[in-house]
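Notes follow once the structure below has been shown.
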Amino acid sequence: MPYHLFKCSECIPEREKHAVIKGHGETLTDALPLGYLNTIPGSISERGCAYCGAKHVIGTPMKDVIHMSHGPIGCTYDTWQTKRYLSDNDNFQLKYTFATDMKESNIVFGAEKILKKNILEAFKAFPNIKRMTIYQTCASALIGDDIGAIAQEVMDEMPDVDIFVCNSPGFGGPSQSGGHHKINIAWMNQKVGTFEPEITSDYVINYVGEYNIQGDQEVMQDFFERMGIQVLSTFTGNGSYDGLRAMHKAHLNVLECARSAEYICNELRVRYGIPRLDIDGFGFEPLSTSLRKIAMFFGIEERAEAIIEEETKRWEPELLWYKERLKGKKVCLWPGGSKLWHWANVIHEEMGLEVVSVYTKFGHQGDMEKGISRCEEGALAIDDPNELEGLEAMDELEPDIIFTGKRPGEVAKKIRVPYLNAHAYHNGPWKGYEGWVRFARDVYNGIYSPIHELASLNISRDEIPQDKGFMTQRLISDVNLPEEIKNSTVLREYTGEYDAMKRLKDRVYPEFPRKSEEVKDVVAI
Amino acid sequence: MEEALYKERVENLLEFILKKCLWQFHSRAWDRERQNTNIIEKTTQILCEEPVNKDTPEDRCYYVDAAYLAENYKKRFPWVAEIDKTELKKVMQGLKEKLDFVLITGSLNKELTDPHY
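Residue numbers (the working numbering), protein chains in the order written: chain A, 4 to 528; chain B, 22 to 138.
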């Protein structure tokens with residue numbers, strides 16, 4: 004596995020150790036990109052800051068909470084509504100954002116007074132919301148405001164409210180990942196174990212590292228409820244503040260995004276003896292395996308099998324329709340931290356895509372170990388790439404599509420490479436069986452959009468064809484397909500609804516009788 | 022079993038774990054050792070039709086990963102069910118050693134020895 008130095012980065016030779024080509028017959032012990040290091044000066048990184056990682060990624064998906072930034076208004080503005088983490092309480096946490104709006108005078112004279120004023124005003128403006136998180140920023144960290152003391156003062160004056168303080172200023176780590184770490188540990192230390200929940204099932208889990216992007220959490224919760232499993236808390240998408248204070252009462256931690264949330268699972272295992280089960284919620288086979296494992300842990304395998312059979316029967320013909328048309332298409336899998344390993348193998352196996360490159364903006368070396376293991380030989384793995392390296396890679400690899408964030412995605416569009424938003428999705432949810440078909444549909448629509456027929460023409464260079472009519476998606480995608488596939492009566496395009504979440508809201512869940520108290524205690528050991 | 026065949030079998034089993042599983046990638050060396058030891062041990066017990074301890078939540082969690090592994094090994098590699106149990110145990114021991122080498126002792130991951138989570 005040779006290290007790879009981009010031509011554009013020859014002036015930054017340290018970058019060589021951050022990119023590797025997966026070679027034949029070589030292993031992770033031969034080469035592994037460096038990761039989770041400070042960005043090299045001169046390399047224009049695409050990363051976020053540690054405040055953003057704490058607030059934007061992990062804190063704000065919590066739904067019944069006033070999320071307040073203690074800092075300049077820009078910090079909050081840039082972390083507001085930029086990701087589609089929905090909630091089932093009318094998206095309170097997406098609609099409203101709060102900041103103390105620190106100014107220069109506050110830097111000179113201190114900002115604790117305005118912090119307290121803002122806290123009181125916010126609780127007054129939303130009298131039904133009794134929970135708050137406060138996020139330190141670079142500015143409030145540098146002047147040394149004691150946010151914890153102010154929060155305690157307010158809690159003493161208002162006994163019905165509870166406040167969580169997250170000290171993760173922007174400079175508190177090499178990337179947003181530093182913020183993920185800080186908020187995990189802070190929540191564990193400050194809040195877990197401070198609330199006693201109502202237990203309604205013999206089978207209780209925390210669903211960890213899931214952020215309800217376009218409804219992902221609700222899709223998975225639907226499966227769990229159909230199996231009679233109580234989701235005590237979700238860390239943190241669509242999660243409630245008090246549910247997350249009660250994480251210590253679960254029997255099992257089901258971990259999805261280990262990059263952002265393995266810390267709290269590890270601590271829950273050490274401090275409370277709750278085991279950690281890593282799962283993949285994306286793709287038919289990985290999701291089925293995950294449901295089976297969770298069911299097997301509780302001894303309710305038949306409930307998982309019923310769901311897997313029903314969902315696979317309903318959605319597989321549609322997934323295969325897209326797979327036939329996506330086979331061999333090249334993709335650069337360039338997400339943030341965890342999807343490079345969640346998707347690297349399953350999009351190859353279940354959609355027929357060829358992953359020619361994986362990258363991570365803020366992943367650690369462990370994420371690269373997973374990503375490189377799961378992609379095929381020849382793939383280029385890059386840690387913390389800069390824009391020029393992204394362009395050079397696309398130029399060399401000629402992908403048909405890239406899955407990435409909106410900043411590098413827009414860069415790709417400029418060189419006429421379609422992209423899908425790997426962080427916030429295009430037409431999600433992408434989890435679950437239907438969700439996986441929706442993802443395949445988005446990939447198909449991205450690659451075969453008729454706009455590329457026109458956009459790829461350079462009017463100052465190319466001859467504009469006068470003799471060709473408009474090509475539809477199907478004309479483009481089906482041109483080389485065998486007749487039996489083209490005219491298959493089994494395979495079909497996506498037939499779900501525009502709003503995939505609607506049918507979940509009307510679902511009536513089965514009631515499973517509880518076991519005796521004696522057995523319950525055994526399960527809960 | 023010839024050395025070349027033994028090595029090939031170990032590689033096949035390892036490749037499946039690296040491609041399809043996540044349990045081996047915990048972030049610290051001591052957790053990887055614990056995971057590798059328990060899950061490979063339980064997988065071996067399942068494949069050799071020996072009793073498997075599932076008494077505690079921790080054991081059950083190892084067990085579900087081991088059961089998935091054992092089922093897929095039997096499905097994908099017919100020799101798993103055909104060879105002598107002593108030979109199978111030798112292959113599984115080789116797998117454990119290779120897994121420990123690739124992900125712990127020979128790993129280039131500098132975070133493995135960080136004393137904190």
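Note that the Cβ used here is the ideal one computed from N, Cα and C, for glycine as well. These numbers come from a predicted model, not from an experiment.
Delimiting residues of the alpha helix (DSSP H) encompassing residue i
i, result
"N269 (chain A)", "A261 to Y275"
"I350 (chain A)", "V349 to M354"
"I479 (chain A)", "Q476 to S480"
"F442 (chain A)", "G435 to Y451"
"H251 (chain A)", "That residue, H251 (chain A), is in no alpha helix (DSSP H); it is neither H nor E in DSSP."
"H345 (chain A)", "K342 to W346"
"P101 (chain B)", "Residue identity check: residue 101 (chain B) is Val in the sequence provided, not Pro. From DSSP, the alpha helix (DSSP H) with V101 (chain B) extends over W100 to E103."
Proximal residues of chain B, C-beta to C-beta of residue i below 9 angstroms
i, result
"Q368 (chain A)", "S128, L129, N130, K131, E132 and L133"
"N348 (chain A)", "K40 and K41"
Under the three-state DSSP convention, the category residue i falls into
i, result
"Q45 (chain B)", "helix"
"R229 (chain A)", "helix"
"D121 (chain B)", "helix"
"K296 (chain A)", "helix"
"G412 (chain A)", "helix"
"T197 (chain A)", "coil"
"F101 (chain A)", "strand"
"Y83 (chain B)", "helix"
"Y6 (chain A)", "strand"
"E521 (chain A)", "Low confidence applies to E521 (chain A): its pLDDT is 46, below 50, so where it sits in the model is not reliable, and the reading given next is rough at best. Residue state, collapsed to three classes: helix."
"C69 (chain B)", "coil"
"S236 (chain A)", "strand"
"K127 (chain A)", "helix"
"N130 (chain B)", "coil"
"A384 (chain A)", "strand"
"H367 (chain A)", "coil"
"V60 (chain A)", "helix"
"R279 (chain A)", "strand"
"I528 (chain A)", "For I528 (chain A), the predicted structure reports a pLDDT of 39, less than 50, and the residue's modelled location is therefore unreliable. A value from the coordinates is still provided. I528 (chain A): coil per DSSP, three-state reduction."
"V111 (chain A)", "helix"
"H429 (chain A)", "coil"
"I216 (chain A)", "strand"
For residue j and residue i, believed in contact at Cβ under 8 angstroms, the rounded distance
i, j, result
"R377 (chain A)", "A347 (chain A)", "4 angstroms"
"V195 (chain A)", "H251 (chain A)", "5 angstroms"
Closer than 8 angstroms at the beta carbon, the chain A residues around residue i
i, result
"L116 (chain B)", "Simply none; closest approach about 14 angstroms."
Assigned exposure category for residue i - 16 Cβ within 10 Å defines buried
i, result
"P388 (chain A)", "buried"
"T239 (chain A)", "buried"
"I38 (chain B)", "buried"
"N59 (chain B)", "buried"
"W51 (chain B)", "exposed"
"N241 (chain A)", "buried"
"R30 (chain B)", "buried"
"G77 (chain A)", "exposed"
"H47 (chain B)", "buried"
"I467 (chain A)", "exposed"
"D205 (chain A)", "buried"
"Y84 (chain B)", "buried"
"I86 (chain A)", "Looking at the sequence shown, residue 86 (chain A) is not Ile but Lys. By the 10 Å Cβ count, K86 (chain A) comes out buried."
"H27 (chain A)", "exposed"
"E521 (chain A)", "Note that E521 (chain A) scores 46 on pLDDT, short of 50, meaning its location in the model is unreliable and no value can be drawn from it."
"C268 (chain A)", "buried"
"A152 (chain A)", "exposed"
"P421 (chain A)", "buried"
"T292 (chain A)", "buried"
Residue i: first and last residue of the uninterrupted beta strand (DSSP E) it sits in
i, result
"S157 (chain A)", "As written in the sequence, residue 157 (chain A) is Val, which differs from the Ser given in the question. Unbroken run through V157 (chain A) is the alpha helix (DSSP H), I150 to E160; no beta strand (DSSP E)."
"Y422 (chain A)", "Y422 to N424"
"Q139 (chain A)", "R134 to Q139"
"I24 (chain A)", "A22 to I24"
"T363 (chain A)", "E357 to T363"
"N209 (chain A)", "V207 to E213"
"C78 (chain A)", "Careful: C78 (chain A) lies outside any beta strand (DSSP E), inside the alpha helix (DSSP H) at I76 to Y80."
"D165 (chain A)", "D165 to C169"
Partner residues on chain A for residue i, Cβ-Cβ distance less than 7 angstroms
i, result
"W44 (chain B)", "D281"
"Y138 (chain B)", "Y266, N269 and E270"
"R81 (chain B)", "F300"
"I94 (chain B)", "Note on identity: in this sequence residue 94 (chain B) is Tyr, with Ile being the wrong assignment. Under the 7 angstroms cutoff, chain A gives no residues; its nearest Cβ is about 14 angstroms from Y94 (chain B)."
heavy atom of the ligand FMN below 7 angstroms from residue i C-beta
i, result
"Y39 (chain A)", "Ligands are entirely absent from the displayed structure, and the ligand FMN is therefore not among its contents."
Chain-ordered neighbours of residue i on chain A, where CB pairs are closer than 9 angstroms
i, result
"A25 (chain B)", "Simply none; closest approach about 15 angstroms."
"D86 (chain B)", "L280, D281 and K296"
Contacts of residue i in chain B (Cβ-Cβ under 7 angstroms)
i, result
"T30 (chain A)", "V123"
"S376 (chain A)", "L39 and K40"
Where residue i meets chain B, residues with beta-carbon distance less than 8 angstroms
i, result
"E372 (chain A)", "F46, L124, S128 and N130"
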